Each structure stands twice: as C-alpha cells, then as structure tokens.
Amino acid sequence: MSQQPGVPQGIDPNTPNVARMYDYVLGGKDNYAADRELSGHLIASIPDGVEAIRANRRFLGRAISYVAGQGIDQFIDLGAGLPNQGNVHEVAQSLHPHARVVYVDIDPIVIAHARALLAADDRTAALQADMREPETVLASAEVARLIDFSRPVGVIFNAMLHFVTDEEDPAAIVAAFTDRMAPGSHLVISHSTLDDRPADLVEIIETAYENASAPMVFRDYDRILRMFNGLRLVEPGLVKLNRWHADAAEAAQSGGAWLYGGIAVK
Ligand SMILES: C[S@@+](CC[C@H](N)C(=O)[O-])C[C@H]1O[C@@H](n2cnc3c(N)ncnc32)[C@H](O)[C@@H]1O
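Read in order, the letters of the sequence shown correspond to residues 198 to 463 in my numbering.
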C-alpha cells in the first residue's frame, strides 16, 4: 500500500479506527474519512449514540475526581484515547498538583498526540503498549519512573475492556494490574452493554464494528462485575453511567445507559 499524503507512516487511514472514531464524536480533529463514515453511520442509527460517548467521558471526570478525592495521586490510564477535554492528569492535578499519570494506548496516533501534549510535564508519560500484555506495561520504564506500587494507585480501564474478547480473558488482564496494587488502591471500569437496550439497535451496532480496528464486545452486568475480581465496589456499585454519582441533569439523559461503570477499592 503506498503512503497517502499527510498520513503518518504506519497508519492505515482506510480501516475505521476505534480511537479516531471516538475522537471524531467528541469533536476532535485527529480522524480520517473512514473513521467519520462509520461514526456517521452509527450516529444516524443510534439516537443517543453521541450522548453515550460524552456520558462516558463525563463519568471518567467524576470517577477521577472521586478517586483523587480519596487521596490517590498516581494513576495508570489503560486505553487512554486521544487527548480531549478533562484528561486524567488535568482532573487529578486539579486536586493534587503533583499527581502523576501514565497513559497507555496501543494506537501510535494516540501516543504521538499524548506525548506532544505532555512534553513539558515530567509528572506524566505516554506509553505505546498493548494492555493485553500487562507484564510489558508493568515492567516499562514509564511505570517504573512514575508509579510507586508501595502506595495506593488508581488503575483505569475506561471504555476499553469491550475491545478485549472473552478468549483474551479481560478479568485476568485486570487482575494482573490489581494484584500489583497496594491496599487502598482504586480500580475504575466503564464498559458498554446491551442490557435493557432497544433490540433493533443491537444488530446495527454489532455489524458496524465488524470492520473496525477492534471488535466491540458488549457484556451484561454479571460479566462486567466479574472483571472487578471480588474487590469491594464503592457506592452505588456497578450501575449505568447515568446513575453513578449523577446529578439530575446526568440522570435525565439516556446515553449513559449504554455503559456500566463502577469503582472498586483494594
Ligand atoms: C473508546 S477509547 C476510550 C478512551 C478513554 N479511556 C475514555 O474513556 O475517554 C478506547 C481506547 O482504547 C485503546 N485500546 C484498544 N485496545 C487496546 C489495547 N489492547 N491496549 C491498549 N489500548 C487499547 C484504543 O486505541 C482507544 O484509544
């Protein structure tokens, strides 16, 4: 395949890419026609699809505020996505100016943008890695430099475990990280679901993701709960995002019902 003008080496602009689709829906500029086309199809088919993604991003903000509010000042953000409003280090450093964050993503464009944004901040790092190989992440120079596992840490899997298949055992991947966490550490998970969702939309969504860079695996409540590996969930437990520490406006919008979210403490 010859390289297209303006497209970085090693990037395939013709396969819809989940990180760039997410960026497009959130109003970002780091996406190509194939990403916009599939996103546009999903937006047209699912009335509250855009709202679901925004609700996920708002949940991330509330979750990090909560965890940082418990005194946690170091985070690993797995499947971090393209930098957008309310990045983890911005929320965490608003409570703890010295807070440290390691962003991990498999996508080279995500990492290039994250490094550009974070260049001047020695409290943060961006690591290109596949989090299905936890040992690689945990043994990285970035984690060694910024994360002290003898103290509580926040580990975040926000809207990314649904890109891991059952065969790849998402609960075991989460456990590889939580096993390293000191007591008092927090685990944040959000995950898409089709529980109580309109049946006619289910097929549209599943078909749409077949040709994307990663499949979307929707899971029900019990299967997502299992990913917490028995850690104690804080109130209100694992709930739809529009019910997690939500004000009246958040609770009133339906987009958050496409994902479950919860936080657990070790
Ligand atoms: C939907 S975005 C979520 C972004 C962010 N966590 C949030 O909630 O706003 C999912 C991200 O996970 C990344 N991702 C998917 N599979 C991954 C893997 N195996 N290892 C690391 N990152 C992965 C994608 O590149 C994408 O940036």
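Even glycine gets a Cβ: it sits at the ideal position worked out from N, Cα and C. Please read all numbers here as calculations on a predicted model, not as lab measurements.
By alpha-carbon positions, which one of Ala-277, Gln-290, Gly-283 ends up nearest to Leu-300? Taking the sequence shown and counting its residues from 1, the one referred to as residue 300 is at position 103. Leu is not the amino acid found at residue 300; the sequence shown has Tyr there. The shortest C-alpha separation from Tyr-300 is found at Ala-277.
Determine the direct distance from the alpha carbon of Asn-228 to that of Pro-205, and round the result to whole angstroms. Locating residue 205 in the sequence shown gives position 8, counting from the first residue. Locating residue 228 in the sequence shown gives position 31, counting from the first residue. Roughly 12 Å separates the two Cα atoms.
Count the other C-beta atoms from every protein chain shown that fall within 10 angstroms of the C-beta of Met-198, then say buried if there are 16 or more, exposed otherwise. Mapped onto the sequence shown, residue 198 falls at position 1. At Met-198 the pLDDT is 44, less than 50, meaning the model places this residue with poor confidence; the figure from the coordinates comes in the next sentence. Here Met-198 is exposed, its C-beta having fewer than 16 other C-beta atoms within 10 Å.
Please classify Ala-260 as buried or exposed, where buried requires at least 16 other C-beta atoms within 10 Å of its C-beta. Position 63 of the sequence shown, counted from the start, is the residue given in the question as residue 260. With a threshold of 16 other beta carbon atoms within 10 Å, Ala-260 meets it and is buried.
For a test of the three-state rule: what should DSSP assign to Thr-321, helix, strand or coil? Residue mapping note: residue 321 aligns to position 124 of the sequence shown, counting from 1. DSSP, reduced to helix, strand and coil, places Thr-321 within a strand of the structure shown.
Examine chain D for any beta-carbon lying closer than 7 Å to the beta-carbon of Ser-387, and answer yes or no. Any reference to chain D falls outside this structure, which holds one protein chain only.
Check whether the Cβ of Gly-278 lies closer than 6 Å to any heavy atom of ligand 1, and answer yes or no. The residue labelled residue 278 in the question sits at position 81 within the sequence shown. Taken from the Cβ of Gly-278, at least one heavy atom of ligand 1 lies inside 6 Å.
Could you check what DSSP says for Phe-374 in three-state terms: helix, strand or coil? The sequence position of residue 374 within the sequence shown is 177, counting from 1. If DSSP states are grouped into helix, strand and coil, Phe-374 belongs with the helices.
What are the start and end residues of each continuous alpha helix (DSSP H) run of 4 or more residues lying completely inside the region 235 to 315, in chain order? Entirely contained in the region 235 to 315, the alpha helix (DSSP H) runs reaching 4 residues are, in chain order, 246 to 266, 285 to 292, 305 to 315.
With DSSP as the reference, please indicate the residues paired to Ala-461 in a beta bridge. Here residue 461 refers to the residue found at position 264 when the sequence shown is read from its first residue. BP columns for Ala-461 point to Leu-384, Leu-430.
Does Met-198 come out as helix, strand or coil in the three-state DSSP assignment? As a position in the sequence shown, residue 198 is number 1, starting the count at 1. With a pLDDT of 44 at Met-198, under the threshold of 50, the modelled position of this residue cannot be trusted, and the question is left open.
Beta-carbon gap between Ala-379 and Pro-331 smaller than 7 Å: On the sequence shown, position 182 is the one that residue 379 refers to. On the sequence shown, position 134 is the one that residue 331 refers to. No, the Cβ-Cβ distance between Ala-379 and Pro-331 is not below 7 Å.
Buried or exposed: which applies to Asp-417, given that a residue is buried once 16 or more other Cβ atoms fall within 10 Å of its Cβ? Walking along the sequence shown from the start, residue 417 turns up at place 220. It counts as exposed.
Please return the same chain residues whose Cβ sits closer than 6 Å to the Cβ of Leu-391, not counting the five positions on each side in sequence. For the purposes of this step, residue 391 is taken as the residue at position 194 of the sequence shown. The answer, listed in chain order, is Val-399, Phe-415.
I'd like the ranges of any beta strand (DSSP E) spanning at least 3 consecutive residues and lying wholly in the region 323 to 375. Here the runs fully enclosed are 351 to 355.
Examine ligand 1 and report whether any of its heavy atoms sits within less than 6 Å of the Cβ of Arg-329. In the sequence shown, residue 329 corresponds to position 132, counting from 1. For ligand 1, at least one heavy atom lies less than 6 Å from the Cβ of Arg-329.
Inspect the beta-carbon positions of Ala-289 and Ala-265 and report whether they are closer than 7 Å. Counted from its first residue, the sequence shown places residue 289 at position 92. Counted from its first residue, the sequence shown places residue 265 at position 68. Going by C-beta atoms, Ala-289 is nearer than 7 Å to Ala-265.
Mind checking whether the beta-carbon of Tyr-263 lies closer than 6 Å to any heavy atom of ligand 1? Sequence index remark: in the sequence shown, residue 263 carries index 66 (1-based). Tyr-263 has its Cβ no nearer than 6 Å to any heavy atom of ligand 1.
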